[in-house]
Amino acid sequence: MNTHGNKCACMIGKFARGRMHFTVLCAAALTLVLISGGCGGGAPDVLAVDSGVTRDYLVKCAGGYLLIDTGYEKHYDDFLAGLGRLGIAPGQVRWVLLTHHHDDHSGFAGRLLRESGASLIVHEKAYPFLAQGKPELLMKPLNWCTEAAFTVFAALFKKDKDHGFPPVPRRANDRIVKGDDGELLKSLGVNGTILHTPGHTDDSISVVLANGSAFVGDCAMDMLAACACAHRPIYANDYAQVYESWKKLVSGGAKMIYPSHGGAFGAGELESTMRDKPL
Ligand SMILES: [Zn+2]
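Structure (structure tokens):
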């Protein structure tokens, strides 16, 4: 992921003659990043499946696996193929935790829940959007560069401009997160904590394992370095809240950040961004 970003930065220095060049180059970088699904990285014991532009993570739990996030509806077969390459059957997915309700995280969640028999874990604020299959549309771009890049991506790859997705109906065995939760994961056999990490969306949650691995959804990203993102989400409801959530992640024991878009990076990079790019 950084490779694409650094290439873009070099190209900008060499070729950019104005804003239009910059926009096109960064849009191209985003396209490459999104198509490739990131460059991976991180501890070898972290299991991940790329479903289109989203990286889904698997954590062992009692009786199987906890899956963190799904992907766009159309990437369900890609996900199953990736799961198969890890030697994991869909029925071994016992829990599906959605870090937030966006279509690139919940797209095939409903289908997977039906077909695997898994149960859902979400923040209570995700429910209205999951039930309707429609996202909250309050987000603002980080800057004009991320706005341009995302606009190009949406024009090229998104048929549904409203970012709708198949509804995920509420079910009796869902586990609802209302804030920070130090007990839920432990009850499933996972040594970790769920933290409410709003900012990208109000319903954003993260998983922080006792070993410091933190699965943060879109609370942080590793993309578009040429847009000076520095791990900030390319869109968010509230960037000040994002920084507060980053502080919570660090104080909550996060050592290695595993974002849904891009490769893993050290939690110290969150601290350096907050220091170097105050809001
Ligand atoms: Zn998102």
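Residue numbers (the working numbering): 89 to 367. The C-beta atom is built at its ideal place from N, Cα and C for all residues, glycine as well.
Give me the Cα-Cα distance between residue i and residue j, rounded to the nearest whole angstrom.
| i | j | result |
| --- | --- | --- |
| Pro257 | Ala219 | 5 Å |
| Asp306 | Asn279 | 22 Å |
| Leu367 | Gly172 | 43 Å |
| Phe245 | Ala313 | 21 Å |
| Lys365 | Gly205 | 44 Å |
| Met362 | Tyr327 | 11 Å |
| Leu155 | Cys149 | 10 Å |
| Asp166 | Ser139 | 6 Å |
| Leu273 | Tyr160 | 25 Å |
| Gly351 | Asn299 | 18 Å |
| Leu146 | Thr234 | 29 Å |
| Asp191 | His251 | 6 Å |
| Leu358 | Ser333 | 10 Å |
| Tyr371 | Cys315 | What the structure shows of the chain is the stretch from 89 to 367, and residue 371 is not part of that stretch, so it cannot be assessed. |
| Val396 | Gln329 | Nothing can be reported for residue 396: it is not among the residues displayed for the chain, which extend from 89 to 367. |
| Ser301 | Val134 | 9 Å |
| Thr289 | Leu186 | 12 Å |
| Ile209 | Leu201 | 11 Å |
| Ala236 | Gly170 | 31 Å |
| Ile176 | Ile345 | 24 Å |
| Phe238 | Gly270 | 35 Å |
| Arg320 | Pro286 | 13 Å |
| Asn325 | Glu224 | 10 Å |
| Leu226 | Leu174 | 37 Å |
| Thr111 | Gly354 | Unreliable placement is indicated for Thr111, whose pLDDT of 37 sits below 50; no coordinate value is reported for it. |
| Arg259 | Ala243 | 35 Å |
| Ser360 | Glu203 | 43 Å |
| Leu118 | Met311 | Summary for Leu118: the model assigns pLDDT 43, below 50, so the residue's position carries little reliability, and this model does not support an answer. |
| Lys335 | Phe241 | 30 Å |
| Tyr164 | Asp144 | 12 Å |
If distances are taken between C-alpha atoms only, which option among the options comes closest to residue i?
| i | options | result |
| --- | --- | --- |
| Tyr323 | Pro255, Met309, Val295, Thr158 | Met309 |
| Leu168 | Tyr327, Tyr215, Gly350, Ala136 | Ala136 |
| Phe253 | Ala237, Val141, His193 | His193 |
| His347 | Ala318, His251, Thr234 | The sequence shown places Pro at residue 347, rather than the His named in the question. Looking at the Cα atoms, Ala318 is the closest of the given residues. |
| Pro178 | Asp191, His190, Tyr153, Thr187 | Tyr153 |
| Asp268 | His211, Ala302, Ala260 | His211 |
| Lys162 | Thr239, Leu174, Thr142 | Thr142 |
| Lys343 | Gly356, Tyr215, His349 | Gly356 |
| Phe303 | His349, Gln329, Gly170 | His349 |
| Gly341 | Leu283, Ala243, His189 | Leu283 |
| Asp157 | Ser207, Leu174, Gly151, Gly175 | Ser207 |
| Pro216 | Ile345, His189, Gly354 | His189 |
| Gly151 | Lys335, Leu226, Leu174, Ser275 | Ser275 |
| Lys222 | Pro255, Lys335, Phe241, Ala260 | Pro255 |
| Ala214 | Glu203, Lys336, Asp291, Ala243 | Asp291 |
Looking at ligand 3, does it come within less than 6 Å of residue i, judged from the CB to the closest heavy atom?
| i | result |
| --- | --- |
| Ala316 | Among the ligands modelled here, namely ligand 1, ligand 3 does not occur. |
task = With a floor of 3 residues, list each beta strand (DSSP E) that falls wholly inside the segment 283 to 339, ordered by position along the chain.
result = 293 to 297, 301 to 305
request  = Could you name the residues whose beta carbon sits closer than 5 Å to any heavy atom belonging to ligand 1, keeping them in chain order?
outcome  = His190, Asp306
query = Does the pairing of the segment 196 to 204 with the segment 263 to 275 give three or more beta-carbon distances under 8 Å?
reply = no
task = Please confirm if the segment 224 to 234 is in contact with the segment 272 to 287, defined as three or more CB-CB distances below 8 Å between the two stretches.
result = no
query = Do the segment 290 to 297 and the segment 170 to 184 make contact, defined as three or more Cβ pairs closer than 8 Å?
reply = no
query = Along the chain, which unbroken stretches of the beta strand (DSSP E) at least 3 residues long are found entirely within the segment 195 to 239?
reply = 207 to 211
request  = Only counting runs of 4 or more residues, tell me where the alpha helix (DSSP H) segments fall wholly within the segment 163 to 200, in order along the chain.
outcome  = 164 to 173, 191 to 194
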